[in-house]
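Chemist:
In the UniProt record's numbering, the protein residues as written are 1 to 69.
Below is the structure:
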């Protein structure tokens with residue numbers, strides 16, 4: 001999420017305070033719940049050891065599809 005915010009806002013040259021002012025959503029401790037059900041992440045041994053894909057909606061990405069035919 002941080003990498004995405006940096007890329008989307010061209011904020012690599014901002015200090016931390018400026019960065020957070022532009023991206024206050026990153027301070028939301030429940031941000032992960034937009035993407036994962038609690039049971040998928042919390043107290044899940046698999047999620048504690050490896051990457052688990054979101055089960056509510058996909059994580060945001062900078063990658064775009066070239067499937068325009």
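In this text, a Cβ means the ideal position worked out from N, Cα and C, and glycines have one as well.
1. If the criterion is Cβ atoms closer than 9 Å, does the pair residue 52 and residue 43 meet it?
2. Out of 15, 32 and 25, which has the shortest C-alpha to C-alpha gap to residue 55?
3. Specify the secondary structure class of residue 48 as computed by DSSP and reduced to three states.
4. Please report the distance separating the alpha-carbon of residue 59 from that of residue 35.
Modeler: Walking through what the data contain:
1. Contact: no.
2. With distances taken between Cα atoms, residue 55 lies closest to 32.
3. In the structure shown, residue 48 falls within a helical segment according to DSSP collapsed to helix, strand and coil.
4. Approximately 7 Å, taken between the alpha carbons.
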